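Throughout the sequence shown, residue numbering follows mature numbering (1 follows the signal peptide of the UniProt record, and there is no 0), covering -19 to -1, 1 to 390 in sequence.
For every residue, glycine included, the Cβ atom is placed at its ideal position computed from N, Cα and C.
Values in this document were obtained by computation on a predicted structure and should not be read as measured data.
A short worksheet on the structure shown next.
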Amino acid sequence: MGAALLTGLALLIPASAQAAKVPDCPSAAKAPSAIVIEVSTGTVACARNADQERQIGSTTKLMTALLVLEEAKLSDTYKASSYRPAPIESQIGLLPGERMKVSDLMRGLLLESGNDAAMALAQGVSGTTKAFVREMNRRAKQLGLTHTHYTNPIGLDAPGNYSSARDLVTLATVLRTNKFFKKIVDSPSGTLKTGDHPRTFRNSNTLLQKYAYVNGVKTGHTHGAGYVLVGSASRSGVQLISAVLATPTESARDADTMALYKWAFPRFQRIRAVIEGHPMATAQIRFRAGAELKLVPDRTIRRIVLRGHRAAVKVDVEAPRVVEGPIRSGQRLGKVDVTQNGKLVATVPLIAQAAVPAAQIKDKTKSAASSPLLIIGVALAVVLATVLLAARRRARITRGRRHRQTSAA
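Structure below.
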């Protein structure tokens, strides 16, 4: 799907946010490592041992999925690898030599967490598992996942295969901007239609069936990792992504995740920084005394802020003070820059709220006649003329006196 996929969205949790002091997660969430962030700003709502390196089970497959989305076409067909998962492993039941489209292998990877699907994808993309793992680590480095390293594309317990809660939510944030990925992980089930026979699987993230606002992302479980969940939830325009690591049971994993959401959602609010059609500037109309044109944004900009921190969002208006017709209704005449915490997040055109016709000659004449500068100029001219006339009169009088004096002599 293209190597350029989402590269510019790396490090969505900026270094400043990582370094800033954030509250510990609520006591109701007992996971040894946990974090929850608000997606649009990268704001960390709470964190506990978020940079601690731990085994992560099948959440390893998030990086497997990212590489496939970047390097393969969903319409490609891959052959089942020679890997034969143990009966205890998650699998979609690929048969030796079976061929399946990448799109269905991805469903098997993310819904059922199939290890056989992961190996087929890895070898299909890079030729060998070893080469694919090298790419996983290269991509992790590019994304700034400094507490992540991979030794396999599956997530089986192995020295050197680890990540952190913060790195996992960063990776999930990048992945959720991909529509195909999002559609899979948001679905409670899915059917694989290619291969030797159709297969239907339920999403291993059981929270999807219990809560309407939960929408992803990936579970993981091994003996070394415990129960892991990279979760996602959306309510009232606020999107959260979370991670809990090393929980003792599946029910504890789910309870910890929901405790994070219940704690974090009330701490954010959605505001309208710019409102479509609401006047933000007024311009004088040249040649029409007293007439004004209102300039309005052409769309609404909404931002997520910590509750009580509305001042973090600022708007800067750039608009003309004087305009001259003809102007179309809706014509762009300025802009509004929206910044949040000092960072430019949106630019919105300012448009004319109404049309302004071209000025007629009589308007220009009338305007010129009533122009303060013209009035001042005329007044100065009158004063100057008066002074000149007076000077000439005095000069004539003086010359007359001299003439009479000369005649008398």
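Count the other CB atoms within 10 Å of the CB of residue i; is the residue buried (16 or more) or exposed (fewer)?
{"i": "Glu257", "result": "exposed"}
{"i": "His202", "result": "buried"}
{"i": "Ala(-5)", "result": "Unreliable positioning characterises Ala(-5) in this predicted model, as indicated by a pLDDT of 42, which lies under 50. A coordinate reading is not provided."}
{"i": "Lys295", "result": "exposed"}
{"i": "Ser71", "result": "buried"}
{"i": "Asp177", "result": "exposed"}
{"i": "Ala28", "result": "buried"}
{"i": "Gly197", "result": "buried"}
{"i": "Ser232", "result": "exposed"}
{"i": "Pro179", "result": "exposed"}
{"i": "Met81", "result": "buried"}
{"i": "Thr172", "result": "exposed"}
{"i": "Phe161", "result": "exposed"}
{"i": "residue 444", "result": "With the chain covering -19 to 390 only, the question about residue 444 has no answer from this structure."}
{"i": "Ile357", "result": "exposed"}
{"i": "Asp85", "result": "buried"}
{"i": "Gln123", "result": "exposed"}
{"i": "Gln341", "result": "exposed"}
{"i": "Gly323", "result": "exposed"}
Checking the sheet assignment: what are the DSSP bridge partners for residue i?
{"i": "Ala262", "result": "Leu276"}
{"i": "His202", "result": "Tyr208"}
{"i": "Met81", "result": "Tyr59"}
{"i": "Tyr143", "result": "His130"}
{"i": "Glu299", "result": "Lys316"}
{"i": "Leu287", "result": "Phe249"}
{"i": "Cys27", "result": "Val17"}
{"i": "Ala333", "result": "Leu276"}
{"i": "Gln33", "result": "In DSSP, Gln33 forms no bridge with anything."}
{"i": "Leu325", "result": "Thr320"}
For the candidate residues the options, whose alpha-carbon lies nearest to that of residue i?
{"i": "Ile18", "options": "Ile285, Pro278, Phe268", "result": "Ile285"}
{"i": "His290", "options": "Ala193, Gln321, Leu90, Val317", "result": "Gln321"}
{"i": "Phe268", "options": "Gly207, Pro338, Ala333, Val219", "result": "Pro338"}
{"i": "Gly212", "options": "Val195, Gly218, Arg288", "result": "Val195"}
{"i": "Asn184", "options": "Ala193, Tyr192, Tyr143, Lys199", "result": "Lys199"}
{"i": "Ala46", "options": "Met87, Thr127, Arg313", "result": "Met87"}
{"i": "Ile308", "options": "Gln334, Pro68, Asp318", "result": "Gln334"}
{"i": "Leu149", "options": "Ser84, Gln265, Ser223", "result": "Ser223"}
{"i": "Leu50", "options": "Ile73, Lys11, Arg120", "result": "Arg120"}
{"i": "Met239", "options": "Arg248, Leu48, Asp57, Lys191", "result": "Lys191"}
{"i": "Val3", "options": "Ala12, Pro13, Ala26", "result": "Ala26"}
{"i": "residue 399", "options": "Ala236, Glu93, Ala99", "result": "There is no way to answer for residue 399, as the model of the chain reaches only from -19 to 390."}
{"i": "Leu102", "options": "Ala139, Ala67, Leu76, Ser62", "result": "Ser62"}
To the nearest whole angstrom, what separates the beta carbons of residue i and residue j, a pair I think is in contact under 8 Å?
{"i": "Thr109", "j": "Pro134", "result": "Actually they do not touch by this definition, with Cβ atoms about 11 Å apart."}
{"i": "Gly311", "j": "Ala262", "result": "In fact, because the Cβ distance is near 15 Å, the residues do not count as touching under 8 Å."}
{"i": "Glu52", "j": "Val106", "result": "5 Å"}
{"i": "Lys54", "j": "Val20", "result": "About 28 Å separates the two Cβ atoms, so there is no contact after all."}
Every unbroken alpha helix (DSSP H) inside the stretch 151 to 227 [4 residues or more]: 160 to 166, 188 to 191
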